[in-house]
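A.B. asks: Here it is, the structure, as structure tokens.
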Amino acid sequence: MMSTNRQPADFSFAEQGRVREERKNAWHGPASLLLAAVIHIVLLVQLGSLIKPDAGTPHRDALLEVELVTTAMAAEAPKAVEPAPAPEKPEPVAELPVEKPEPVALKKPVKQTRNVARPSPAEPKPAHIVRQPAAKPAQPSAPVITQQAAPSRDRIAEQNRIKLLRRQYLTRIMAELEAHKRYPYSARRRHLQGNIDISFMIDPSGQISDVQISGGSNVLRTSSMEALQASRPFPPLPKELITPIRCHCIMQYQLER
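Here the sequence shown stands for residues 44 to 300, numbered as in the working numbering.
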């Protein structure tokens with residue numbers, strides 16, 4: 044009887060050590076837990092066949108301890124995480140070809156050609172010629188032509204006679220100036236030569252005015268002025284010359300070689 048009671052106690056201690064080792068290895072995965080549970084069940088079946096029903100209190104403690112260990116191990120086992128289903132790839136949607144709108148051809152405005160009827164050129168109408176009687180040539184009147192020609196000839200003849208009288212008078216005045224001209228000794232000694240321009244007005248009575256002398260040296264101009272003063276009074280103008288006339292002459296001073 045004593046040997047029978049010690050065997051369950053020894054088994055209980057051995058079982059407890061094994062359980063501790065299995066607890067340490069409980070994290071090896073779900074396969075290790077399943078294997079440990081199968082081993083415990085086999086051991087319990089064998090122990091049940093060897094131990095009598097009147098074994099007493101120690102047998103109950105062993106059963107309870109095995110059940111608690113199995114329950115704890117089952118509780119500590121992590122639940123196998125089911126892999127999330129792979130997301131289904133969306134089926135490619137067949138793109139329908141987009142029909143490009145055909146370019147609408149703009150209709151160009153059609154130029155409407157207007158047929159404008161051009162007026163046909165009017166036929167020239169024959170000009171109505173009116174014949175007028177030819178005018179008879181006027182007969183020249185001889186007396187009228189004679190009366191017009193006579194005054195024009197007289198006027199021209201009078202103008203020519205006045206020009207001649209004026210030229211004769213001016214020639215006389217120039218001769219008077221040459222007669223009173225003196226070549227100063229100082230000018231000849233210094234070989235002073237030149238032309239002296241003399242211009243003055245003569246009224247109908249023969250008096251002079253507006254005297255202008257230019258050109259040459261001062262000595263020669265003084266000599267020309269003395270000749271003009273010595274020639275006065277000039278003779279009166281001819282009675283046909285009723286207006287004052289201008290006399291313009293040149294007095295030359297040249298040395299003989």
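All C-beta atoms, glycine included, are put in the ideal place defined by N, C-alpha and C. Every value quoted in this text rests on a predicted model; they were computed, and no experiment measured them.
Roughly how many angstroms lie between the CA atoms of Asp256 and Ile199, to the nearest whole one?
C.D. replies: First, the residue type needs correcting, since residue 256 is Ile and not Asp in the sequence shown. C-alpha separation (whole angstroms): 35 angstroms.
A.B. asks: When DSSP labels each residue in this structure, what does Asp246 get in the three-state scheme?
C.D. replies: Coil.
A.B. asks: Check whether the stretch 259 to 270 and the stretch 216 to 225 touch, using three or more Cβ-Cβ pairs below 8 angstroms as the test.
C.D. replies: The stretch 259 to 270 is in contact with the stretch 216 to 225.
A.B. asks: Let's test the definition: count the other Cβ atoms within 10 Å of the Cβ of Thr100 and tell me whether it reaches 16, buried, or not, exposed.
C.D. replies: Low local confidence applies: a pLDDT of 45 at Thr100 is under 50, so the model's placement there is unreliable, with the coordinate-based value given in what follows. Its Cβ having fewer than 16 others within 10 Å, Thr100 is exposed.
A.B. asks: Going by C-alpha to C-alpha distance, which of Asp246, Gln202, Gly237, Pro276 sits closest to Val262?
C.D. replies: Nearest C-alpha to Val262: Gly237.
A.B. asks: Measuring only the C-alpha atoms, how far is His234 from Arg275?
C.D. replies: Near 29 angstroms, if we compare the C-alpha coordinates of Arg275 and His234.
A.B. asks: DSSP three-state label for Arg289, please.
C.D. replies: In the structure shown, Arg289 sits in a strand (DSSP, three-state: E or B).
A.B. asks: Which residues in the same chain have their Cβ closer than 8 angstroms to the Cβ of His291, if we skip the five residues on either side of it in sequence?
C.D. replies: Contacts found: Asp240, Ile241, Ser242.
A.B. asks: With a threshold of 16 other CB atoms inside 10 Å of the CB of Leu280, please say whether the residue is buried or exposed.
C.D. replies: Classification for Leu280: buried.
A.B. asks: Would a C-beta distance cut-off of 8 angstroms place Tyr296 and Ala218 closer than the cut-off?
C.D. replies: Against a cut-off of 8 angstroms, the Cβ pair of Ala218 and Tyr296 comes out as no contact.
A.B. asks: What would DSSP say about Tyr228, mapped onto helix, strand or coil?
C.D. replies: Three-state DSSP puts Tyr228 in a helix.
A.B. asks: Whose CA, out of Asp253, Met294, Leu284, Ser195, lies closest to the CA of Tyr212?
C.D. replies: It is Leu284 whose Cα lies nearest to the Cα of Tyr212.
A.B. asks: Name, in chain order, the residues that DSSP records as bridge partners for Asp240.
C.D. replies: Ser257, Ile293.
A.B. asks: Based on the DSSP secondary-structure assignment, which residues constitute the bridge partners of Ile251?
C.D. replies: Beta-bridge pairing links Ile251 to Ile245.
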